Amino acid sequence: MATALLFSAAFIGMVLGLFKVHNLYRGAGFSIDKARKEFTDGVMSDRNVQNAANTAARAAAAHAVNEAVSGRY
Numbered sequence: 000m001a002t003a004l005l006f007s008a009a010f011i012g013m014v015l016g017l018f019k020v021h022n023l024y025r026g027a028g029f030s031i032d033k034a035r036k037e038f039t040d041g042v043m044s045d046r047n048v049q050n051a052a053n054t055a056a057r058a059a060a061a062h063a064v065n066e067a068v069s070g071r072y
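Following numbering that gives the first Met the number 0, the numbering of the sequence shown begins with 0 at its first residue and continues without gaps.
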């Protein structure tokens, strides 16, 4: 019973925090389009991020191929 109350209180706190961040974000004049452009221009143009994404994609593809040809299923 106490656990359910604590999880409910935590959930309510997270929802209120989300609303607060949303209001701050919108009140500052930001939009999803601006955020997308900033992400594309800033994060995805970084060579380290590109290398990490490339490495992760290669590992995921290799794992998928290994699972497909292993014959377990």
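Even for Gly, the Cβ is constructed at its ideal location relative to N, Cα and C. Everything numeric in this text was worked out from a predicted model, so none of it was measured.
Cut-off 7 Å between Cβ atoms - residues of its own chain near residue i, not counting five sequence neighbours on either side
| i | result |
| --- | --- |
| V48 | V42 |
Boundaries (first-last residue) of the alpha helix (DSSP H) holding residue i
| i | result |
| --- | --- |
| A55 | 46-68 |
| G28 | Neither: G28 is in no alpha helix (DSSP H) and is coded neither H nor E. |
6 Å Cβ shell around residue i - same chain, five flanking residues per side excluded
| i | result |
| --- | --- |
| A1 | none |
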